[in-house]
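**Q** Protein chains in written order, with my numbering: chain F, 1 to 687; chain P, 1001 to 1299.
For every residue, glycine included, the Cβ atom is placed at its ideal position computed from N, Cα and C.
Below you'll find the structure I mean.
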Amino acid sequence: MSDLVLEFYSEEIPSRMQYNASLYLENFFIDELLHARLNYAKLNTFVTPRRLTLIINDLSESSKISFEEKRGPRVGSPSKAIEGFARSLNIDKSLLYTKKEKKGEFYFYKSKKKSITLTDIIGQISKNLLTNFPWKKSMRWGEGNLRWVRPLKFVYCSLFNNENDFEIIDLKLNEVKSVNFTFGHYLISSKKIYPKSVSDYLQKLFENKVILDRDERKKIIIDATKNLLKNKHSSIIFDEELLEEIVGLVEWPVVFLGQIDKEFLSLPKEILRVTMKEHQKFLSVFNKNKNLIDQFIVVANMLAKDGGKAILDGNTRVLRSRLKDAKFFFENDLRVIKTEGLSSFTKNLSKVTFHNKIGSQLDRINNIEELSKKISHLLGVDSSKCVIASRICKTDLVTQVVSEFPELQGIIGKIYADQEGIDKIIAHSIEEHYWPMKLNDKVPTEPISIVLALADKINTLISFWKINEKPTSSKDPYALRRSAIGLIRILIENKIDLDINKLIHNYLEINVSNDLIKFIEDRFRVYLLEKEFSNVLLDACLALFEFNNPFLFYLKIESLKNFQKTKEFTKLINSYKRPINILNSEEKKSNDIYSGEPLVELFEKKDERELYEKLITVEKKVINLIKRNDYKKVLIFLASFDQEIENFFENVVINATEKNIKTNRLNLCNKVRKIMHSVACFEHFNV
Amino acid sequence: MPDSFQEIIQKLNEYWASVGCIILQPYDLEVGAGTFHPATTLRALGKKHWHAAYVQPSRRPTDGRYGANPNRLQHFYQYQVILKPSPFEMQELYLNSLKSIGINFNNHDIRFVEDDWESPTLGAWGLGWEVWCDGMEVSQFTYFQQVGGIDCKPVSGELTYGLERIAMFVLGIDDVMDLPFNSPECIYPMKYSDIFQKAEREYSRWNFNVANEETLLKHFSDYEEECNRILSQPKIDPQSGYSIIMVQPAYDYCIKASHLFNLLDSRGVISPTERQNFISRVRNLAKSCAEAYIVSEKD
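Next up, the structure:
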């Protein structure tokens, strides 16, 4: 049993790529070790700005010894040939044995295959990993051709057998040395480290100011922050994304609490938060009592001799100049709003391109306005307010603050609209029409915001489809998938009955429009699959229908999902399967489709008449209930004629001698099919 | 410890000379960044080794603030280092240069934060970082991957120090105009403002409101044409009989066109679509020059 440490030591790996790199390293080794049939007790990967490390505990030697059979001359060959064969293998000819094959009997020798050692295997896997690592962006350096995310300084790969008994594995690469040491935190401690075991590796790194585990670094930051914020009114604005980024910028986190100058406290919270986050990677500290952000947390990668005074002073100074800029922009914007009004920005939107084939942001809001008028009528929302909201929803794109901080779009619009005293609901819609920002973020719930959000998203999709700029499997630069998912979620979560198909058809050629609808339907499927709806269920409910109204489809799918769990569902399927099976096989034989209505006068048996009458009642009910979107009841009705079906198949022979009787009975089966298929294609279920 | 802007430059010159760089002088044309100097753009191409450092005055017309902003200038200085091939110990060399201008690592937090560099007008890009010192960006550190659309082989390492900013950090000054240009202890102490404030105002007004658009547009086309004309000449010079590809004269016109584009941009007369068009016109010139350079090196 051995332990392994493999460390790729490089110049600073971009923070956002670190976690995925460690994940890839882990999965790569798990697969390769499985393939090489090597066992181990534990396998972990770690990543810091400077190193990517794999640690395996209790790695076993390969237990399987393989043999190779070598064929020599034919039995009966001259003895010279046989002796020559033995000599070539460096053995005595008495060790040869004979075996019959198709072509005759030959001499053979079984030799142990040249044994592959553990070090060879690990070396080979590591080398493969190194030369094919899928960094999102990689580079060359110096005179070499090797690619890595940043220059790779060396590889440290050590197999520990016992304490003090270890072997350094050489990856034998021209461009990168395999070494028997590593470094600690290179700015604090420059000496080489020579680990004697896995625990010694971890211990020595720690002593030399490296915390290998990113979760541990995160915990240190959170704990230190709590310690610094003794005032119970203050707490950090938790920002997972920022915290993750910071964890990737430090090997030895040291946390400081800084104060924001008074002159900046009047700036909107969001401007403070975003300035600190985007430019300085500071966490914002919110003071509940004062209702403002008045402090910040900065995480350094240094154990300073002066206790961090210079570091905190320096960071505070940089922040001051950043906030001066932000304040300058904010005040300039406010001046324009005061003198000329927020709407004065709107005309400048003509100078900002949305997309060079689509037009300017002004063209964009004109489209949004038209769409929101239509949607507001369909949903019964105050149309005049929606129009006002449309006119100002993108105006903040030409403000100075948003040009400096694009991520504040919407939020700044809301703040400025508030400043101008615009109706709160309209002001809020400027921010909320961008929702949902991320996959699981909140969706707008105010009617005006909903209309605006729908109009914006539908317009975006239509505009890009019009110029044939669609997402590919790997690229979606305009986040069109997100627009489609947003559209679907807003409709479903707000229970909005809206036929998007009709809306879209007004703007696009029929085949383009169908393609877009198909795209939205695919997003709808992806969204529901993530919500634990099954493929079978989705196929059954979507296959036979034109996708048009996400919310109504959702209702049907959800009802059917619930119905699946009941006993009634089995009845429904039983009523479905037998007539459909007969129809399928008869239609296959005759190469014809039974699509006619059964004729009452051709019924001969009581059971076929009874089934027919039942079906007529059910059909009426189902049609009415579908109109009211009451799928729960629809399904109960579909499960209500199982007895009639059973009697029918028990007592009526479909294959009657008279052709017209037979056809009539098959048409009765078709009646069942027609009613069932008006709801879903139950063929997908195997019950 | 240096006590002035000029001493910081001297220290950097001394340091980079001590590790084997030639110390060049600024290029004598208006450029947006030290990268435009042929000592970087052209020398990053081809196979020959090259180690150079120099100060380059840089012009960014849109950044003018009439000399009133503590951090922004339309004319400022960059210190540029190019090491080709990028040495194994590039980062260590860089960190030692910071020590040479008095940054004490015991008390400061140095960070390499991902920042991939791209110059659309030069058709150049590389991977690297912004270097932060206590949260302040003090340098740009890039491993060139392509210049003029051509793969860099070997790869050059490029360092760009914003001199005013790093001097403000080292000297503890909050407003660029307050920087001591020479030693405050000398007989005739001069501040940054004494030398540049007036010019900043003058250029800000000219850049934003006065520069003649039509002249600029006309000259842009003239320079573009001249660059292409130079490169289209036959290799053999009829006068001397030598084979002469006039790469650098052509590249001068590429630089001039690029500066005119920046001026037009600050006049606010370029729409976003046109912007892309102008950028690609300059890039085409840069690409032609880069290709010509490769050919001229082989000759």
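Go through its chain and collect everything with a Cβ distance to residue 329 (chain F)'s Cβ below 6 Å, but skip five positions before and after it.
**A** Indexing the first sequence from 1 puts residue 329 (chain F) at position 329. Taken in chain order, the residues that qualify are 400, 401 and 404.
**Q** For the region 46 to 65 of chain F, which residues have a beta carbon sitting closer than 8 Å to at least one beta carbon of chain P?
**A** Of all residues in the region 46 to 65 of chain F, 49 have a Cβ within less than 8 Å of some Cβ in chain P.
**Q** In chain order, which continuous runs of the beta strand (DSSP E) of length 3 or greater are located wholly inside the region 44 to 102 of chain F?
**A** Whole beta strand (DSSP E) segments, 3+ residues: 51 to 59, 67 to 74 and 97 to 101.
**Q** Please classify residue 653 (chain F) as buried or exposed, where buried requires at least 16 other C-beta atoms within 10 Å of its C-beta.
**A** Position 653 of the first sequence holds residue 653 (chain F). Exposed, because fewer than 16 other Cβ atoms sit within 10 Å of the Cβ of residue 653 (chain F).
**Q** Taking 9 Å as the cut-off, decide whether the C-beta atoms of residue 268 (chain F) and residue 415 (chain F) are in contact.
**A** Start at 1 with the first residue of the first sequence, and residue 268 (chain F) comes out as number 268. Start at 1 with the first residue of the first sequence, and residue 415 (chain F) comes out as number 415. Cβ distance < 9 Å, so residue 268 (chain F) and residue 415 (chain F) count as in contact.
**Q** Is the region 542 to 559 of chain F touching the region 498 to 505 of chain F, taking contact as three or more C-beta pairs under 8 Å?
**A** Flag = yes, the region 542 to 559 of chain F and the region 498 to 505 of chain F touch.
**Q** Note down, in chain order, each residue of its chain lying with its Cβ closer than 7 Å to the Cβ of residue 418 (chain F), except the 5 sequence neighbours on either side.
**A** Here residue 418 (chain F) refers to the residue found at position 418 of the first sequence. Answer for residue 418 (chain F): 427, listed in chain order.
**Q** Could you check if residue 91 (chain F) is buried or exposed, using at least 16 other CB atoms within 10 Å of its CB as the buried criterion?
**A** The residue given as residue 91 (chain F) occupies position 91 in the first sequence. That one is exposed.
**Q** Specify whether the region 24 to 39 of chain F and the region 116 to 133 of chain F touch according to this definition: at least 3 beta carbon pairs, one from each stretch, less than 8 Å apart.
**A** As far as the Cβ criterion goes, the region 24 to 39 of chain F touches the region 116 to 133 of chain F, which means the pair count is three or higher.
**Q** Taking residue 336 (chain F) as part of the alpha helix (DSSP H), name the residues at either end of that continuous run.
**A** Here residue 336 (chain F) is taken as the residue at index 336 of the first sequence, counted from 1. Residue 336 (chain F) -> alpha helix (DSSP H) spans 309 to 340.
**Q** Please report whether the beta-carbon of residue 141 (chain F) lies at a distance below 9 Å from any beta-carbon of chain B.
**A** No chain B appears in the structure shown, which is made up of the protein chains F and P.
**Q** Taking the straight line between their C-alpha atoms, what separation do you get for residue 396 (chain F) and residue 1146 (chain P)?
**A** Taking the first residue of the first sequence as 1, we reach residue 396 (chain F) at position 396. Taking the first residue of the second sequence as 1, we reach residue 1146 (chain P) at position 146. Taking the straight line from one Cα to the other gives about 37 Å.
**Q** Which runs of the beta strand (DSSP E) at least 3 residues long sit entirely within the region 254 to 316 of chain F? Give them in chain order.
**A** Listed in chain order, the complete beta strand (DSSP E) runs (minimum 3 residues) inside the region 254 to 316 of chain F are 254 to 259, 283 to 287 and 292 to 300.
**Q** With a threshold of 9 Å between beta-carbons, can residue 239 (chain F) be considered close to chain P, or not?
**A** The residue given as residue 239 (chain F) occupies position 239 in the first sequence. Taking Cβ atoms only, chain P never reaches closer than 9 Å to residue 239 (chain F), which makes this a no.
**Q** Consult DSSP for residue 1180 (chain P) and reduce its assignment to one of helix, strand or coil.
**A** Numbered from 1 along the second sequence, position 180 holds the residue referred to as residue 1180 (chain P). Three-state DSSP puts residue 1180 (chain P) in a strand.
**Q** Taking C-alpha atoms, which residue in F:424, F:587 and F:448 lies nearest to residue 433 (chain F)?
**A** Residue mapping note: residue 433 (chain F) aligns to position 433 of the first sequence, counting from 1. With distances taken between Cα atoms, residue 433 (chain F) lies closest to F:448.
**Q** Using three-state DSSP, classify residue 1147 (chain P) as helix, strand or coil.
**A** Numbered from its first residue, the second sequence carries residue 1147 (chain P) at position 147. Here residue 1147 (chain P) sits in strand by DSSP.
**Q** What does residue 1050 (chain P) reach in chain F if we use C-beta pairs closer than 8 Å?
**A** The residue given as residue 1050 (chain P) occupies position 50 in the second sequence. Neighbours of residue 1050 (chain P) on chain F: none; closest Cβ ~13 Å, over 8 Å.
**Q** Using 9 Å as the limit for Cβ to Cβ distance, is residue 1114 (chain P) near chain F?
**A** On the second sequence, residue 1114 (chain P) is found 114 positions in, with the first residue counted as 1. Yes, because at least one Cβ of chain F sits closer than 9 Å to the Cβ of residue 1114 (chain P).
**Q** Pull up the distance between the alpha-carbon of residue 286 (chain F) and that of residue 3 (chain F), whole angstroms please.
**A** Residue mapping note: residue 286 (chain F) aligns to position 286 of the first sequence, counting from 1. Residue mapping note: residue 3 (chain F) aligns to position 3 of the first sequence, counting from 1. When rounded, the distance between both Cα atoms is 47 Å.
**Q** So if DSSP puts residue 182 (chain F) in a beta bridge, which residue, or which two residues, is it bridged to?
**A** The residue given as residue 182 (chain F) occupies position 182 in the first sequence. BP columns for residue 182 (chain F) point to F:193.
**Q** So the alpha helix (DSSP H) residue 1047 (chain P) belongs to, where does it begin and stop?
**A** Start at 1 with the first residue of the second sequence, and residue 1047 (chain P) comes out as number 47. Note, residue 1047 (chain P): premise wrong, no alpha helix (DSSP H); not H, not E.
**Q** Please list the residues of the region 1151 to 1168 of chain P that have a C-beta atom closer than 7 Å to any C-beta atom in chain F, keeping them in chain order.
**A** For the region 1151 to 1168 of chain P, which is checked against every Cβ of chain F, the residues closer than 7 Å are 1154 and 1155.
**Q** Considering just the uninterrupted stretch of the beta strand (DSSP E) at residue 165 (chain F), what are its terminal residues?
**A** The residue you call residue 165 (chain F) lines up with position 165 of the first sequence. Residue 165 (chain F) -> beta strand (DSSP E) spans 165 to 168.
**Q** From the DSSP output, which residues share a beta bridge with residue 1111 (chain P)?
**A** One-based indexing of the second sequence puts residue 1111 (chain P) at position 111. Its beta-bridge partners are P:1132.
**Q** In angstroms, rounded to a whole number, what distance separates the CA positions of residue 1240 (chain P) and residue 1130 (chain P)?
**A** On the second sequence, residue 1240 (chain P) is found 240 positions in, with the first residue counted as 1. On the second sequence, residue 1130 (chain P) is found 130 positions in, with the first residue counted as 1. So the two alpha carbons sit approximately 48 Å from each other.
**Q** Between the Cα of residue 381 (chain F) and those of F:450, F:353 and F:336, spot the shortest distance and give me the residue it belongs to.
**A** Your numbering for residue 381 (chain F) matches position 381 in the first sequence. Nearest C-alpha to residue 381 (chain F): F:450.
**Q** Pop quiz: residue 296 (chain F) and residue 283 (chain F) are said to be a contact at Cβ under 8 Å. What is the actual Cβ separation, rounded to whole angstroms?
**A** Position 296 of the first sequence, counted from the start, is the residue given in the question as residue 296 (chain F). Position 283 of the first sequence, counted from the start, is the residue given in the question as residue 283 (chain F). About 7 Å separates the two Cβ atoms, so the contact holds.
**Q** Tell me whether residue 1119 (chain P) sits in a helix, a strand or coil according to DSSP, three-state version.
**A** The sequence position of residue 1119 (chain P) within the second sequence is 119, counting from 1. Residue 1119 (chain P): strand per DSSP, three-state reduction.
**Q** Assuming residue 413 (chain F) is part of the beta strand (DSSP E), what are its boundary residues?
**A** Locating residue 413 (chain F) in the first sequence gives position 413, counting from the first residue. Premise fails: residue 413 (chain F) lies in the alpha helix (DSSP H), 411 to 419, not in any beta strand (DSSP E).
**Q** On the CB-based measure, 16 or more other CB atoms within 10 Å of its CB, does residue 1295 (chain P) come out buried or exposed?
**A** Here the question's residue 1295 (chain P) lines up with position 295 in the second sequence. Exposed, by the Cβ-count rule.
**Q** With 16 other CB atoms within 10 Å as the buried threshold, where does residue 246 (chain F) fall?
**A** By one-based count along the first sequence, residue 246 (chain F) stands at place 246. Classification of residue 246 (chain F): buried, given that the 10 Å Cβ count is 16 or more.
**Q** Hey, which unbroken runs of the alpha helix (DSSP H) at 4 residues or more fall wholly within the region 109 to 140 of chain F?
**A** 118 to 131, all fully within the region 109 to 140 of chain F.
**Q** Can you give me the Cβ contacts of residue 332 (chain F) inside the same chain, cut-off strictly under 8 Å, excluding the 5 residues immediately before and after it?
**A** Taking the first sequence and counting its residues from 1, one reaches residue 332 (chain F) at position 332. Only 400 meet the Cβ criterion.
**Q** Any C-beta of chain P sitting closer than 9 Å to the C-beta of residue 280 (chain F)?
**A** The sequence position of residue 280 (chain F) within the first sequence is 280, counting from 1. Closer than 9 Å: yes.
**Q** Am I right that residue 523 (chain F) and residue 481 (chain F) are in contact with their C-beta atoms under 8 Å? What's the rounded C-beta distance?
**A** Counted from its first residue, the first sequence places residue 523 (chain F) at position 523. Counted from its first residue, the first sequence places residue 481 (chain F) at position 481. The Cβ separation is near 6 Å, so the contact holds.
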